[in-house]
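Here's the structure, in C-alpha cells; my notes come after.
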DNA sequence: CAGAGACTATACGTTTTCGTATGACGACTA
DNA sequence: TAGTCGTCATACGAAAACGTATAGTCTCTG
C-alpha cells in the first residue's frame, strides 16, 4: 500500500456512477464493461480510504463523502476538457474548439447566425454551444466565452459590454386580428398570455414591471424561453420576447410598449488566459461585433 | 486511434518533464522508469495532435504549445491534490490534511507555534505548510488557507481581517552595545544594515518609507526574510522585522521607531467551499485566534 | 407465485502497460 | 584523444488492467 495516486479514469468512472446511479448504467454511458466500473470504484475507495457508495442490488447510493468530493472530480473533468480544447486550438490561425455559453434564446436566435458566418471564414473552427440559463463558471473552465445579462464580478475575466437588450410584450398579427389589440393592463384579462411555469427569485424580482401578469393568469406556462418565443410566433397569444428579435419578423407586433419594458445590460466575458488564443479571440470579437449590431437595431 | 482521452498519468509525466527538463530526470522525480515517461509523452502528443517537445540527446525542450498547455495540466495536478486533501478530511471530527500558505517569516515564527498547540488537541490533523512570498491562488486550490498582507479581491473566498502587523528596524543588544544606537537617518551610514537583494516593484513602492535605505548601502543583502531575521538575532546589524517578533526576544531592540514604521493589514482567507469542512474550519479559527493575540501584543 | 428484468459480484483468458536490460549518440574532461 | 557521464531509443519478460461469460439476488408484474 504505497501513496498511489488514483488514476484519472477512476474519477471518470466515479462521476459516471454518480450521474447514472448504477455501475451498469455508468458502464453503458462510458462505453466500458460493468466489472471495470466496479473495480474503479473499489480502487478509488481504497485509495481515498473513504466509502463512496452504499451498494444495493438496485443501484448504488452515494455517501456524504462522495457528494462532498464530487465537485472536485467535476472540476478535474472540466479542466481536462478545457485542456483538450486548448490543444485543438494550437497551431497557426483560427482552429480548434471554442466553448460558448449563453441562454437558449440568445444562443439559438442571435448567436447562431453570427457563428454561421464566422465558420464560413474559418472552416477549421469548431464551436461548442452550451445553451442554459444556469450561469456557468468561466473560472472553472466550464466554458471559454459566455454571454450574460449580468456584469461579471470576478476578476481574472475579460469583460466587454455589448449594450442593452430590451424585452417587450409581443403577439403575432394573426392573433391580434382575431382577438384585438389590448390598450391597457385590464384588456389582458380577455387574452391568452404566455408566461413562466415555476416562480423563482429571479422572476419575483420583476414583480413591479410584470404588473398583473401572474402565474395563475397565464394561458401557457413554460420555463423554456425558446418555447415562449415559438408560441408567440405560432399565434398562441401574447408573451414577452426580445424587441430585437420581434423586429426581424414583420408579423410580430409589440403590445403595451409603455406599460411593459425590460432592459438588460448584456456582457461578453472570457477568461483572461484565453487572450492569447487566436481562436477564442476571433470568436470573442465576432460575437461582440454581431451582438453590437443586434442591440443597435432599435 | 479513437478519441481516447489521455490518462491522468500522461499529464503527470508531462509536468515532470517540463520541470526536470529530461525524460530521465522526470523518471527519477516521479519514481518510474525512463521508458515509461517516454511512452507517456509520445502518447500525449499523439492524443493531442501537438508536438510538445523537441527531442535532443541532452534533454527535451518544450514547444510553445507545451508552455501554453502547462497551466491546464498544473491545474489538474492542483485539483487532484485538493481532492486527496478533502478525502483525508472526511469522517467525523478534525482529521486529514489542510494546506496553509503564508510568507516564510509569518509561517515559521508565528504560525508554527499556533499549529503546534492545535495539533496537540487534534492528533489526527496533518498540516501542509507552504512558505512563499508568491501569492498562491486559493481558487486554483493551490492551498486551502492563506495568510496574506493584502485584502483578497476575489469573490468566492471567505476573508477575515486579523489586524495590523507592524514592521520596524531592530538590532541585537550586543550589536548596539558595540556600535552604538543610531539617533537619526544619518547615523545609519556608519552601521551594518540588512536589506533585500533584488529590487522589485514591491520594494520600490516603499521608497518613501525606506528613506536613505537603498540596496547599495546594505551590508547584507538577501531576499529571504527569514535570513534577515536570523541576521538581526545573530547581531549582524540593523534590519527590518515585525515588531511583534522583536517583542518576544528581550535582546532585540527597536531602532529609529519614529523614522521607520510600516503597517500591513493582514487577512486570513479560505475558499468558501471549505466552510463545511470541520478540519479547515478548525485550522482557520485557530489561526485567527492565534494571529489576533499576536497582533494584539503591541 | 412464477418469471422477466436489472443490478452487483466473481472467474478466467486476453490485451495492454510497465520495468529491466541494453544499445547508440553527444558533451565534457583529463 | 580516449574516457566518463549524461541523455534518448529499443527489445523482451513480468505484472496489471480489461472484457466476456456467468452466478447470485432483489424488485416488479401478470
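Protein chains in written order, with the numbering used here: chain A, -6 to 291; chain B, -6 to 291. Heads up, the beta-carbon is just placed ideally off N, CA and C, and yes, glycines get one too. Remember, predicted model here, so these are calculated numbers, not experimental data.
Min CB distance residue i to chain A below 8 Å
i	result
residue 97 of chain B	no
residue 64 of chain B	yes
residue 266 of chain B	yes
residue 2 of chain B	yes
residue 244 of chain B	no
residue 157 of chain B	no
residue 110 of chain B	no
residue 114 of chain B	no
Rounded C-alpha distance that separates residue i from residue j
i	j	result
residue 229 of chain B	residue 168 of chain B	7 Å
residue 34 of chain B	residue 158 of chain A	48 Å
residue 107 of chain B	residue 279 of chain B	7 Å
residue 69 of chain A	residue 251 of chain A	49 Å
residue 218 of chain B	residue 59 of chain B	34 Å
residue 216 of chain A	residue 288 of chain B	54 Å
residue -5 of chain B	residue 1 of chain A	Confidence at residue -5 of chain B is low in this model, with a pLDDT of 38, below 50, so its placement is unreliable and no value can be given for it.
residue 73 of chain B	residue 119 of chain A	29 Å
residue 144 of chain A	residue 152 of chain A	8 Å
residue 92 of chain B	residue 190 of chain A	46 Å
residue 52 of chain B	residue 24 of chain A	39 Å
residue 363 of chain B	residue 172 of chain B	No answer is possible for residue 363 of chain B: it lies beyond the span of chain B, which begins at -6 and ends at 291.
residue 29 of chain B	residue 20 of chain B	8 Å
residue 290 of chain B	residue 88 of chain B	Residue placement at residue 290 of chain B is flagged as unreliable, the pLDDT there being 49, under the threshold of 50; the coordinate-derived value follows with that caveat. Whole-angstrom Cα-Cα distance: 31 Å.
residue 13 of chain B	residue 135 of chain A	31 Å
residue 11 of chain A	residue 241 of chain A	44 Å
residue 206 of chain A	residue 253 of chain A	10 Å
residue 259 of chain A	residue 97 of chain B	44 Å
residue 75 of chain A	residue 65 of chain B	8 Å
residue 41 of chain B	residue 248 of chain A	53 Å
residue 257 of chain B	residue 265 of chain B	24 Å
residue 202 of chain B	residue 235 of chain B	15 Å
residue 130 of chain A	residue 131 of chain B	16 Å
residue 263 of chain B	residue 128 of chain A	23 Å
residue 67 of chain A	residue 48 of chain A	22 Å
residue 149 of chain B	residue 114 of chain B	30 Å
residue 214 of chain B	residue 243 of chain B	25 Å
residue 185 of chain B	residue 198 of chain B	23 Å
residue 56 of chain A	residue 62 of chain A	10 Å
residue 275 of chain B	residue 286 of chain A	54 Å
residue 164 of chain B	residue 175 of chain B	11 Å
residue 246 of chain A	residue 226 of chain A	10 Å
Interface flag, residue i vs chain B, CB-CB below 8 Å
i	result
residue 147 of chain A	yes
residue 294 of chain A	Chain A is shown from -6 up to 291; residue 294 of chain A falls before or after that span and cannot be answered.
residue 121 of chain A	no
residue 335 of chain A	Here chain A comprises residues numbered -6 to 291, so residue 335 of chain A is not present and cannot be evaluated.
residue -2 of chain A	yes
residue 68 of chain A	yes
residue 58 of chain A	yes
residue 72 of chain A	yes
Closer than 8 Å at the beta carbon, the chain B residues around residue i
i	result
residue 135 of chain A	Correct list: empty, because the minimum Cβ distance to chain B is about 13 Å.
Within chain A, partners of residue i - CB distance below 7 Å
i	result
residue 29 of chain B	Within chain A, no residue comes near residue 29 of chain B; the closest Cβ sits about 14 Å away, beyond 7 Å.
Residues that residue i contacts on chain B, provided the C-beta gap is smaller than 7 Å
i	result
residue 61 of chain A	79 and 83
residue 132 of chain A	132
Contact list for residue i against chain A, beta-carbon separation under 8 Å
i	result
residue 75 of chain B	65
Given a limit of 8 Å on CB to CB distance, which residues of the stretch 34 to 53 of chain B reach chain A?
41, 42 and 43
Quick check on the DSSP output: what are the complete alpha helix (DSSP H) runs of length 4 or more inside the stretch 223 to 283 of chain B, in order along the chain?
236 to 241
To test your reading of the DSSP string, which unbroken alpha helix (DSSP H) runs of 4 or more residues are found completely within the stretch 5 to 93 of chain A?
16 to 23, 27 to 41 and 57 to 81
Just list the alpha helix (DSSP H) runs in the stretch 111 to 180 of chain A, keeping only unbroken ones of 4 residues or longer that don't cross its boundaries, in chain order.
166 to 172
Please list the residues of the stretch 176 to 195 of chain B that have a C-beta atom closer than 9 Å to any C-beta atom in chain A, keeping them in chain order.
none
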